[in-house]
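**Q** First, the structure itself, so that you have it in front of you.
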Amino acid sequence: MINDDKCPKLKLNTLLSSLAADECESICRKLEPVQLNYGEEIHDSKKIIFPLSCALALSSTSIDGDNIALAVIGSEGLSGINNFLSDTPLPGLTTVIIPGMAMQVDYDILRHEVGSDSDFTSRLLSYTQYLLLSISQLSHCNQRHNIVQRVSRTILQLRTIVESDRVPITHEMLAYILGVRREVVTNTTIKLRAEGAISYSRGVIQIQDHSTLTHLSCSCEQLSKTHFENLFHKSLRAQNISLCQQAESAIS
Ligand SMILES: [Zn+2]
0 MINDDKCPKL KLNTLLSSLA ADECESICRK LEPVQLNYGE EIHDSKKIIF PLSCALALSS
60 TSIDGDNIAL AVIGSEGLSG INNFLSDTPL PGLTTVIIPG MAMQVDYDIL RHEVGSDSDF
120 TSRLLSYTQY LLLSISQLSH CNQRHNIVQR VSRTILQLRT IVESDRVPIT HEMLAYILGV
180 RREVVTNTTI KLRAEGAISY SRGVIQIQDH STLTHLSCSC EQLSKTHFEN LFHKSLRAQN
240 ISLCQQAESA IS
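Here you go:
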């Protein structure tokens with residue numbers, strides 16, 4: 000549910016755009032736009048970032064320095080959700096995998112917006128549940144699905160985030176997300192190109208045949224989308240019912 004009277008930039012972030020207009024406006028006043036660059040690492044654990052056109056990877060790093068993405072965060076949500084749960088920073092790393100615009104704010108400025116019955120809190124709880132489901136799904140995917148399925152799944156996931164068949168991602172960054180060597184990604188994209196699913200040049204993967212790519216992928220991306228739609232639509236339905244009840248009370 001996106002209201003026309005909201006800040007145009009906030010409409011680009013699903014979590015923000017799903018808020019009621021007055022709460023959205025209150026939060027909007029505290030946010031500042033920021034350009035995030037390719038490969039940039041977010042070290043400030045207190046920073047809350049709402050991606051608009053960029054994508055971030057929340058990664059786990061082993062003691063040996065090996066890296067694997069736990070979740071990819073795009074314009075459907077935010078990074079820094081741990082601040083709303085605990086004072087203890089989460090281990091791991093947040094990296095910009097697709098450059099672009101975001102809205103950001105320090106948690107200490109935004110914490111007063113989190114009340115027990117606020118619309119924003121309800122969205123944060125739904126988004127936390129979605130993230131837990133996504134991390135579980137990704138863990139399952141990494142153990143059970145082959146590299147062709149995983150690379151295809153990741154390209155489809157990024158396509159959803161950028162809302163385009165032109166996905167600006169390098170082999171190096173795909174390898175980083177998937178926790179594999181770059182050569183593994185290069186060999187896999189050669190196979191996907193031979194199947195006619197994608198083409199590739201200068202840091203951009205172009206999806207040539209969406210149905211072939213979907214066929215080569217596992218079903219994890221679709222499951223993740225379903226989780227998100229179920230959680231947020233359920234939350235929005237509850238909000239609509241509440242608004243209707245308020246309207247009825249005001250009339251009677
Ligand atoms: Zn999978």
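Following numbering that gives the first Met the number 0, the numbering of the sequence shown begins with 0 at its first residue and continues without gaps.
Glycine included, C-beta positions come from ideal geometry on N, C-alpha and C.
Could I get the ranges of all uninterrupted beta strand (DSSP E) runs contained in the region 17 to 100, with 3 residues as the minimum, in chain order?
**A** 31 to 35, 46 to 50, 54 to 60, 66 to 72 and 92 to 97
**Q** Can you name, in chain order, every residue of its own chain whose Cβ lies under 8 angstroms from the Cβ of residue 31, other than the five neighbours on each side?
**A** In the sequence shown, counting from the first residue as 1, residue 31 sits at position 32. Sequence-distant Cβ neighbours of residue 31 in its own chain, meaning closer than 8 angstroms and more than five residues away, are 102, 103 and 104.
**Q** Can you name the residues that DSSP bridges to residue 199?
**A** Counted from its first residue, the sequence shown places residue 199 at position 200. Per DSSP, 204.
**Q** Which whole-angstrom value is the C-beta distance of residue 17 and residue 122, which I expect to be below 8 angstroms?
**A** The sequence position of residue 17 within the sequence shown is 18, counting from 1. The sequence position of residue 122 within the sequence shown is 123, counting from 1. 6 angstroms between Cβ atoms; contact.
**Q** Whole angstroms is fine: what's the gap from residue 40's alpha carbon to residue 229's?
**A** The residue you call residue 40 lines up with position 41 of the sequence shown. The residue you call residue 229 lines up with position 230 of the sequence shown. Between residue 40 and residue 229, the C-alpha separation is close to 31 angstroms.
**Q** Quick one: give me the first and last residue of the alpha helix (DSSP H) that residue 330 is part of.
**A** Absent from the model: residue 330. The displayed extent of the chain is 0 to 251, so no value can be given.
**Q** Can you list, in chain order, the residues of its chain whose CB lies under 6 angstroms from that of residue 155, leaving out five sequence neighbours each side?
**A** For this step, residue 155 is matched to residue 156 along the sequence shown. Counting only Cβ-Cβ distances below 6 angstroms, and skipping sequence neighbours, we find 216 and 220.
**Q** Just how far apart, CA to CA, sit residue 171 and residue 203?
**A** In the sequence shown, counting from the first residue as 1, residue 171 sits at position 172. In the sequence shown, counting from the first residue as 1, residue 203 sits at position 204. Using only the alpha carbons, I get a separation of about 12 angstroms.
**Q** Determine the closest residue to residue 178 out of 137, 206 and 197, with distance taken between C-alpha atoms.
**A** Against the sequence shown, residue 178 aligns to sequence position 179. The shortest C-alpha separation from residue 178 is found at 137.
**Q** Can we count residue 27 as close to ligand 1, meaning its CB is less than 7 angstroms from some heavy atom?
**A** Along the sequence shown, one-based indexing puts residue 27 at 28. Because no heavy atom of ligand 1 lies under 7 angstroms away, the Cβ of residue 27 does not count as near it: no.
**Q** Quick one: any contact between the region 54 to 68 and the region 89 to 101, if contact means 3 or more CB pairs under 8 angstroms?
**A** yes
**Q** Confirm, please, whether the CB-CB distance from residue 97 to residue 157 is below 8 angstroms.
**A** As a working mapping, residue 157 is identified with position 158 in the sequence shown. As a working mapping, residue 97 is identified with position 98 in the sequence shown. Yes. Within cutoff.
**Q** Applying the criterion that 16 or more other CB atoms from any shown protein chain within 10 Å of the CB defines a buried residue, is residue 210 buried or exposed?
**A** On the sequence shown, position 211 is the one that residue 210 refers to. Exposed is the call here.
**Q** Per DSSP, what kind of secondary structure is residue 116 in: helix, strand or coil?
**A** In the sequence shown, the residue the question calls residue 116 occupies position 117. If DSSP states are grouped into helix, strand and coil, residue 116 belongs with coil.
**Q** May I ask which residues mark the beginning and end of the alpha helix (DSSP H) holding residue 157?
**A** Residue 157 sits at position 158 when you count from the first residue of the sequence shown. 146 to 161 is the extent of the alpha helix (DSSP H) around residue 157.
**Q** Give me the Cα-Cα distance between residue 223 and residue 133, rounded to the nearest whole angstrom.
**A** Stepping through the sequence shown from its first residue, residue 223 is reached at position 224. Stepping through the sequence shown from its first residue, residue 133 is reached at position 134. Each residue's alpha carbon lies about 6 angstroms from the other.
**Q** Tell me, please, which residues DSSP counts as bridged to residue 105.
**A** Against the sequence shown, residue 105 aligns to sequence position 106. DSSP output for residue 105 lists 46 as bridge partner(s).
**Q** Check each candidate in 232, 227 and 21 and name the one with the smallest Cα separation from residue 130.
**A** Locating residue 130 in the sequence shown gives position 131, counting from the first residue. Of the listed residues, the one whose Cα sits closest to residue 130 is 227.
**Q** Let me know if residue 72 comes out buried or exposed under the rule of 16 or more other beta-carbons within 10 Å of its beta-carbon.
**A** Numbered from its first residue, the sequence shown carries residue 72 at position 73. That one is buried.
**Q** Tell me whether residue 144, by its Cβ, gets closer than 7 angstroms to a heavy atom of ligand 1.
**A** One-based indexing of the sequence shown puts residue 144 at position 145. Yes.
**Q** Roughly how many angstroms separate the alpha carbons of residue 117 and residue 149, rounded to a whole number?
**A** For the purposes of this step, residue 117 is taken as the residue at position 118 of the sequence shown. For the purposes of this step, residue 149 is taken as the residue at position 150 of the sequence shown. C-alpha separation (whole angstroms): 38 angstroms.
**Q** Verify the contact flag: residue 148, CB atom, against every heavy atom of ligand 1, threshold strictly below 7 angstroms.
**A** Within the sequence shown, the letter at position 149 stands for residue 148. Checking every heavy atom of ligand 1 against the Cβ of residue 148, one is found closer than 7 angstroms.
**Q** Using CA atoms only, rank isn't needed, just tell me which of 180, 201 and 187 is closest to residue 66.
**A** Looking up residue 66 in the sequence shown gives position 67. The option with the nearest alpha carbon to residue 66 is 180.
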